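For reference, the structure discussed in these notes is given below.
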Amino acid sequence: FLVDDKHQLLYCGFAKAASTSWLRHFVRASGKWKKGQMSIRGKGIERYGFKHLHSLPEKEARDRLQTYRKMIVVRHPLDRLVSAWRDKLVMKDSPYRETIGKRIIRKFRGSYNEGDLATFDEFAHFVAIGSSDPHWGTFRNCKPCLVRYDYISRTETVEQDSGDIMAALGLGDHLPAIHMHRSAGLHSMETHLWQFENVSRKIYDKLLDIYQTDMDIFGY
1 FLVDDKHQLL YCGFAKAAST SWLRHFVRAS GKWKKGQMSI RGKGIERYGF
51 KHLHSLPEKE ARDRLQTYRK MIVVRHPLDR LVSAWRDKLV MKDSPYRETI
101 GKRIIRKFRG SYNEGDLATF DEFAHFVAIG SSDPHWGTFR NCKPCLVRYD
151 YISRTETVEQ DSGDIMAALG LGDHLPAIHM HRSAGLHSME THLWQFENVS
201 RKIYDKLLDI YQTDMDIFGY
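Numbering follows the UniProt record's numbering, with no gaps: position 26 of the sequence shown is 26.
Written out as structure tokens, the structure reads:
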């Protein structure tokens, strides 16, 4: 959880679920952002006055969990899986392409040749047999069955959600709604469905087993 003491908010976000867009909004709301100087990777977010819940003493963390408003942002798990493959294993400058991508290719093809790319069905198989990562893992780290969230935003409706949430936090007059690229919004799942055409039924069912709880909890 990211702790925003100024607005008494706990935020739990995930890679490939509009997390960067939301963090940028929170940084702007902090009043400490300077154009061209935003760094929200790792501990970079702390320079703007934010903390991570796990870094606080137990009593302080518990008090915030009990009294602060809590927010989570989610995305259809299978849609997020395709997005992770594209951004991490297809994009030319991604470190994942050189590490995870090569490992996947060697695992399923036996050897790697320079320039080879892991296909989506290979990546899906890799995930189905137990490879987890923050970019395609489940939402369990946000404890959705234990934490009573005040705001649940979905990337599919983030433009409307963000406006409503900003207004509820008293920031509606200062920050615009988040505008997502079409590929991460309402039509994303429709666009990405074809990627599963070459995924075997056995692997697809294993993926459903992995993500079914998330899909049930958040209505996917």
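In this text, a Cβ means the ideal position worked out from N, Cα and C, and glycines have one as well.
Note that the structure is predicted; figures quoted are calculated from it, not measured.
From the listed residues T155, K59, D121, the smallest Cα separation to K206 is found for D121.
Contact check for A167 against A84 fails: the beta carbons are separated by 9 Å or more.
The straight-line gap separating the alpha-carbon atoms of L89 and W136 is approximately 12 Å. Between D87 and the set Q212, F139, W22, F123, the nearest pair of CA atoms involves F123. The secondary-structure analysis by DSSP pairs Y11 across a beta bridge with L2, M71.
A distance of 9 Å or more separates the beta carbons of V74 and T20.
Residue range 151-154 is occupied by the beta strand (DSSP E) that includes Y151. Q195 is classed as buried because its beta carbon has at least 16 other beta carbons within 10 Å across all chains shown. Of the residues M91, D5, L117, V27, the one whose Cα lies closest to the Cα of R64 is D5.
In terms of Cβ geometry, R69 and L2 do not form a close pair [threshold 9 Å]. Sixteen is the threshold: since fewer than 16 other Cβ atoms of the shown chains lie within 10 Å of the Cβ of M91, the residue is exposed. Per DSSP, the continuous alpha helix (DSSP H) segment holding G101 begins and ends at 100-109.
Between the C-alpha atoms of F139 and D214 there is a straight-line separation of about 6 Å. Counting of Cβ neighbours within 10 angstroms places S132 among the exposed residues, the total staying below 16.
Taking C-beta separations shorter than 7 Å and ignoring five residues to either side along the sequence, the partners of I104 in its chain run A118, E122, F123, F126, following chain order. By the 16-neighbour rule on beta-carbons within 10 angstroms, P57 is exposed. For T213, the enclosing alpha helix (DSSP H) covers residues 201-217.
K16 carries a coil assignment under DSSP once its states are collapsed to helix, strand and coil.
In the structure shown, H52 adopts extended strand secondary structure according to DSSP, grouped into three states. About 7 Å separates the CB atoms of P144 and I72; that is less than 8 Å, so the two are in contact.
Under the three-state reduction of DSSP output, H25 falls in the helix class.
Within the same chain, and ignoring the five residues on either side of Y149 in sequence, the residues whose Cβ sits closer than 7 Å to its Cβ are K70, M71, I72. In this chain, the alpha helix (DSSP H) harbouring S162 covers 158-168.
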